[in-house]
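K.L.:
Below are the structure tokens for one structure; questions will follow.
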Amino acid sequence: MSDRLTSYDRDGLRFDVRDEGPLDGTPVVLLHGFPERATSWRLVAPLLHEAGYRTYAPDQRGYSPCARPRRRRDHRSAELRADVEALVARIGSPVHLVGHDWGAAVAWDLAAHRSDLVRSLTAVSVPHPGAFVRAAATSRQGLHSWYMLFFQLPRVPEWSARRPGGRFDRNLRRAGMTHDEVDRFRTEIVLDGALRGGLSWYRALPFADRSGLGARVAVPTTFVWSDGDTAIARRGVDLTAARVSGDYRLVVLEGVSHWIPTQAPAALAAAAIERMRSA
């Protein structure tokens, strides 16, 4: 693709995209997590550009202002995967895929179902969905994921997030976000009206396509996890290798919180570049 891509359409929705880096660079799709948007890659993307890669970072379903369907079932995993498939189709060639948090879950799903679209996968923080579910049933991961149940409540999480400095903000700080990152959350998610859409990803879990839980990923894969992550326990990390049939590498960042793209961008970019070059 020789022109910059600022947005793309799918099923009546329009998704905003940050298309940056050399126009002739190998394409890399960057998928953000909750509660962040494409700007969460602002420190990683320039490092990928220096290495010759062109990055496409979309504001995903529920976050882009013109892609905020109201029903929770409209945010089920099959729809999230199809959104990224449509982006790759617009790019016009297979891509390297990097996803953090919920973006990692979507990336795992796409790599398992459409390996023809994915040159390599770098999953950040969140393990393979099948490994995560098994860990939740056999370890303390379920306790670490208490917020998933809280987010199922109608209107209560939105009410909790309204007041700056309230419980929602404090929980983000306990999870490792800096004051500046919490301020960005308030601006880009709460004030911009994206919170309900982000929460809908959790609320759509009962409608999820469970075929990906047992699917093995055949593309070359690197999983980047940090031992300061309060949301993801080690058990799911250790179970992930068995879910990847392609070349696999685990990178553990010591002393880093869940928010790897903004707090350890150089280490993440190095791991992603090594994976992409090896593929």
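Residues 1 to 279 in this note's numbering are what the sequence shown spells out, letter by letter.
Note that CB positions come from ideal geometry on N, CA and C, so glycine has one too.
Quick caveat: nothing in here was measured; it's all calculated off a predicted structure.
Under 6 Å Cβ to Cβ from Asp16, same chain only, skipping five residues before and after it: list those, please.
P.N.:
Here residue 16 refers to the residue found at position 16 when the sequence shown is read from its first residue. So the qualifying residues of the chain are Ser7, Asp59 and Ser64.
K.L.:
Assign Asp229 to one of two classes, buried (16 or more other C-beta atoms within 10 Å of its C-beta) or exposed (fewer than that).
P.N.:
Residue 229 sits at position 229 when you count from the first residue of the sequence shown. Buried, since its Cβ has 16 or more Cβ neighbours within 10 Å.
K.L.:
Quick one: using the 10 Å Cβ neighbour count with 16 as the cut-off for buried, is Asp9 buried or exposed?
P.N.:
As a first step, residue 9 is located in the sequence shown; it is residue number 9 there, counting from the start. Exposed: under 16 other Cβ atoms inside 10 Å.
K.L.:
What does the alpha-carbon distance come out to for the pair Met177 and Gly99?
P.N.:
As a first step, residue 177 is located in the sequence shown; it is residue number 177 there, counting from the start. As a first step, residue 99 is located in the sequence shown; it is residue number 99 there, counting from the start. Between Met177 and Gly99, the C-alpha separation is close to 18 Å.
K.L.:
In angstroms with no decimal places, state the Cα-to-Cα distance between Ala107 and Val118.
P.N.:
For the purposes of this step, residue 107 is taken as residue 107 along the sequence shown, with counting starting at 1. For the purposes of this step, residue 118 is taken as residue 118 along the sequence shown, with counting starting at 1. Going from the Cα of Ala107 to the Cα of Val118 covers about 9 Å.
K.L.:
Would you kindly report the start and end of the unbroken beta strand (DSSP E) that includes Trp41?
P.N.:
Against the sequence shown, residue 41 aligns to sequence position 41. From DSSP, Trp41 is part of no beta strand (DSSP E); its letter is neither H nor E.
K.L.:
From what residue to what residue does the alpha helix (DSSP H) around Arg134 run?
P.N.:
Sequence index remark: in the sequence shown, residue 134 carries index 134 (1-based). Run containing Arg134: Pro129 to Thr138, per the alpha helix (DSSP H) assignment.
K.L.:
Can Leu97 and Leu121 be called in contact, C-beta distance under 7 Å?
P.N.:
As a first step, residue 97 must be located in the sequence shown, where it is residue number 97. As a first step, residue 121 must be located in the sequence shown, where it is residue number 121. Result yes, Cβ atoms of Leu97 and Leu121 sit closer than 7 Å.
K.L.:
By DSSP, does Arg4 sit in helix, in strand, or in coil?
P.N.:
Locating residue 4 in the sequence shown gives position 4, counting from the first residue. In this structure, Arg4 counts as coil in the three-state DSSP scheme.
K.L.:
So does the stretch 67-81 actually touch the stretch 197-217, counting three or more Cβ pairs closer than 8 Å?
P.N.:
Touching, yes, given that three or more Cβ pairs across the two stretches are closer than 8 Å.
K.L.:
Which class does His144 belong to by DSSP, given the choice of helix, strand or coil?
P.N.:
Here residue 144 refers to the residue found at position 144 of the sequence shown. His144 falls in the helix class under three-state DSSP.
K.L.:
Would you mind reading off the limits of the alpha helix (DSSP H) that contains Phe185?
P.N.:
By 1-based counting over the sequence shown, the position of residue 185 is 185. Per DSSP, Phe185 belongs to the alpha helix (DSSP H) from His179 to Phe185.
K.L.:
Please confirm if the stretch 214-221 is in contact with the stretch 231-244, defined as three or more CB-CB distances below 8 Å between the two stretches.
P.N.:
Touching, per the Cβ criterion.
K.L.:
Whose C-beta lies closer than 6 Å to the C-beta of Glu274 among residues of the same chain, with five residues either side of it excluded?
P.N.:
As a working note, residue 274 is residue 274 in the sequence shown. Around Glu274: no qualifying Cβ.
K.L.:
For the putative contact between Ala293 and Thr55, defined by C-beta atoms under 8 Å, what is the C-beta separation to the nearest angstrom?
P.N.:
With the chain running from 1 to 279 in the structure shown, residue 293 is simply not present.
K.L.:
Taking the alpha-carbon positions, what's the Arg216 to Ser2 distance?
P.N.:
Here residue 216 refers to the residue found at position 216 when the sequence shown is read from its first residue. Here residue 2 refers to the residue found at position 2 when the sequence shown is read from its first residue. Taking the straight line joining both Cα atoms gives about 34 Å.
K.L.:
Nearest by alpha-carbon distance to Leu149: which of Leu199, Leu47, Glu85 and Ala233 is it?
P.N.:
Residue 149 sits at position 149 when you count from the first residue of the sequence shown. The candidate whose alpha carbon is nearest that of Leu149 is Leu199.
K.L.:
Name the DSSP beta bridge partners of Gly99, please?
P.N.:
Sequence index remark: in the sequence shown, residue 99 carries index 99 (1-based). Per DSSP, Leu31 and Ala123.
K.L.:
Going along the chain, which residues of its own chain have a beta-carbon closer than 7 Å to the beta-carbon of Arg186, five neighbours each way excluded?
P.N.:
Indexing the sequence shown from 1 puts residue 186 at position 186. Excluding residues within five positions, the ones whose Cβ falls inside 7 Å are Pro164.
K.L.:
Beta-carbon within less than 7 Å of Arg134's beta-carbon, same chain only, minus the 5 sequence neighbours each way: which residues are those?
P.N.:
On the sequence shown, position 134 is the one that residue 134 refers to. Hits under 7 Å: Leu239.
K.L.:
Thinking C-alpha only, which one of Asp101, Val95 and Ser125 is nearest Ala111?
P.N.:
On the sequence shown, residue 111 is found 111 positions in, with the first residue counted as 1. The candidate whose alpha carbon is nearest that of Ala111 is Val95.
K.L.:
Pick from Arg81, Ile232, Pro35 and Gly21: whose alpha carbon is nearest that of His113?
P.N.:
As a first step, residue 113 is located in the sequence shown; it is residue number 113 there, counting from the start. Minimum Cα distance to His113 is reached at Arg81.
K.L.:
Do you know offhand how far Pro157's Cα is from Trp146's?
P.N.:
On the sequence shown, position 157 is the one that residue 157 refers to. On the sequence shown, position 146 is the one that residue 146 refers to. Going by the C-alpha atoms only, they are around 13 Å apart.
K.L.:
So Tyr202 is in the beta strand (DSSP E); what residue range does that whole segment cover?
P.N.:
Position 202 of the sequence shown, counted from the first residue, corresponds to residue 202. Per DSSP, Tyr202 belongs to no beta strand (DSSP E); it is in the alpha helix (DSSP H), Leu195 to Arg203.
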